[in-house]
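Participant: Convert by adding 386 to the 1-based position in the sequence shown; the result is the number in my numbering.
If you scroll down you'll find the structure; I have some questions about it.
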Amino acid sequence: MFKTVLFDVDGVMLSEERYFDASALTVHELLTSDRFLGVQTVSPPFTPAPDDDTIRAIRRDVFRRDEVLEGLKNIGVNANWDMVYFVFVAELVRALEVANSRSSDVVAQAQAVLDAGWTEASLRALGEIVRSVVPEYVVQWDGYGALYEGASSRSELMERARTALARYAPNADAHALWQVGQETFQEWYLGDAYTGKATGKAGFLTSEYPIVDPAAFAALLADLKAAGVTLGIATGRPEIETRVPLTHFGWLSFFDPARVTNASDVVAAEEQAPHARPLSKPHPFSYLRSLRGERDVAKLLQVELPIPGLRGEVLIVGDSIADKLAADRLGASFAAVLTGLEGQAARPKFERLGAEYILNDVLELRRVLALTPVD
387 MFKTVLFDVD GVMLSEERYF DASALTVHEL LTSDRFLGVQ TVSPPFTPAP
437 DDDTIRAIRR DVFRRDEVLE GLKNIGVNAN WDMVYFVFVA ELVRALEVAN
487 SRSSDVVAQA QAVLDAGWTE ASLRALGEIV RSVVPEYVVQ WDGYGALYEG
537 ASSRSELMER ARTALARYAP NADAHALWQV GQETFQEWYL GDAYTGKATG
587 KAGFLTSEYP IVDPAAFAAL LADLKAAGVT LGIATGRPEI ETRVPLTHFG
637 WLSFFDPARV TNASDVVAAE EQAPHARPLS KPHPFSYLRS LRGERDVAKL
687 LQVELPIPGL RGEVLIVGDS IADKLAADRL GASFAAVLTG LEGQAARPKF
737 ERLGAEYILN DVLELRRVLA LTPVD
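This is the structure we're talking about:
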């Protein structure tokens, strides 16, 4: 029996579908809304209150029928904020390059605009440049493949994005553009009721889908605790997006708050130790933080990895390659659940990666760990 079991959330406990929807809507807004770039796309026009058919159409276009999502997940990109950044940068750069092919002044104009950094205002100004030079420009959603073809890691994607942006913004911090995407994503996912803004966005926080029966999963957690197993969470969700649905389904009370690490914790750690960025998965920081119940970032970053003797004591349960890579670097065992984006089609990938366990869903942990239900 493992002494500690650490869970991912999306693709394990909760469906990722609404997260992917919000990611697509964010990229679409950054490109098409007058608040940002304000260019046309082949997709439906921007609205802060799209119906389900419009959401499906936008996601189909932005992520190329989810091929882009699968490609990102397959090279270890797990955070939706990163997904937004990579796709938006590709389409932004494509628009600027088309404009530059029409006018030799575009690079100089863009550099002048971006000398003050990446902001909503600077994106609006870039949109004005593109529209003035190429008024007929329409985003075809083919920029991602053009910029990132052959990239095999998150770090390589980051480097290609940085290099492409540097032509137009040599003095601007690209992380500020990442933050614009992050903040816009939060508007979509949380909605006005939680952000306190007046964007007209309802949010997805109250329409989460559990992957397995909530009562059955709660019973599994109760039985693990009764067997003396320490439970933890490491998720790419921010704090509120973790707390609200897990509380609603009756799961959060099974976890010691010190052993729950979310994206808000990771961002705070990166602010304390910017030299260590990125600390999001596949970096094992979030799992290590939950394993140790330790909040001192400096202490955690000093831990030598992989930790000897951990494989027989700690089990990480996740749905993505990023989770498996984090488990390997930490030195823990890994149970892959086939309830993520690719479903059963992900099995061969986890077999090649050497996952110790491959489960149809998280409830199969009961069989793997030979748990006896508590009366």
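No residue lacks a Cβ here, since even glycine has one placed at the ideal position from N, Cα and C.
This structure is a prediction, so every number in the text was calculated from the model and none was measured.
In this structure, does DSSP put residue 520 in helix, strand or coil?
Facilitator: In this structure, residue 520 counts as coil in the three-state DSSP scheme.
Participant: Whole-angstrom Cβ separation of residue 746 and residue 724, contact assumed at under 8 Å?
Facilitator: Their Cβ separation, rounded to whole angstroms, is 6 Å, which keeps residue 746 and residue 724 in contact under 8 Å.
Participant: Give a yes or no on contact between the region 493–504 and the region 444–458, applying the rule of three or more CB pairs nearer than 8 Å.
Facilitator: Flag = no, the region 493–504 and the region 444–458 do not touch.
Participant: Checking the sheet assignment: what are the DSSP bridge partners for residue 700?
Facilitator: The partner list for residue 700 (beta bridge, DSSP) reads 390.
Participant: With a threshold of 16 other CB atoms inside 10 Å of the CB of residue 568, please say whether the residue is buried or exposed.
Facilitator: It is buried - the Cβ of residue 568 has at least 16 other Cβ atoms within 10 Å.
Participant: Quick check on residue 389: buried or exposed, where buried means 16 or more other Cβ atoms within 10 Å of its Cβ?
Facilitator: With fewer than 16 other Cβ atoms within 10 Å, it is exposed.
Participant: What span of residues does the alpha helix (DSSP H) with residue 444 cover, start to end?
Facilitator: Start and end: 438–448.
Participant: Buried or exposed, going by whether 16 or more other CB atoms sit within 10 Å of the CB of residue 414?
Facilitator: Result: buried.
Participant: State the Cα-Cα distance for the pair residue 728 and residue 456, rounded to the nearest angstrom.
Facilitator: Approximately 7 Å, taken between the alpha carbons.
Participant: Note down, in chain order, each residue of its chain lying with its Cβ closer than 6 Å to the Cβ of residue 508, except the 5 sequence neighbours on either side.
Facilitator: 499, 500, listed in sequence order.
Participant: Would you call the region 517–532 in contact with the region 426–441, where contact means no fewer than 3 C-beta pairs closer than 8 Å?
Facilitator: With the cut-off at 8 Å, the region 517–532 and the region 426–441 touch.
Participant: At what residues does the alpha helix (DSSP H) containing residue 755 begin and finish?
Facilitator: Residue 755 -> no alpha helix (DSSP H), and no H or E assigned at all.
Participant: Quick one: what's residue 396 bridged to in DSSP?
Facilitator: In DSSP, residue 396 forms a bridge with 400.
Participant: Between residue 707 and residue 739, how many whole angstroms is the CB-CB distance? I'm expecting something under 8 Å.
Facilitator: Confirmed, Cβ separation roughly 7 Å.
Participant: Could you tell me which residues DSSP puts in a beta bridge with residue 719?
Facilitator: 701.
Participant: Select from 550, 481, 536 the residue whose C-alpha is nearest the C-alpha of residue 513.
Facilitator: The residue with the shortest Cα to Cα distance from residue 513 is 481.
Participant: Beta-carbon separation of residue 652 and residue 749 under 9 Å?
Facilitator: Going by C-beta atoms, residue 652 is not nearer than 9 Å to residue 749.
Participant: Can you list the alpha helix (DSSP H) stretches of 4 or more residues lying completely in the region 631–681, in chain order?
Facilitator: Within the region 631–681, the complete alpha helix (DSSP H) runs of at least 4 residues are 649–658, 671–678.
Participant: Tell me whether residue 387 is buried or exposed, calling it buried when 16 or more other Cβ atoms sit within 10 Å of its Cβ.
Facilitator: Result: exposed.
Participant: Rounded to whole angstroms, what's the CA-CA distance from residue 694 to residue 700? Just pull it up for me.
Facilitator: Approximately 11 Å, taken between the alpha carbons.
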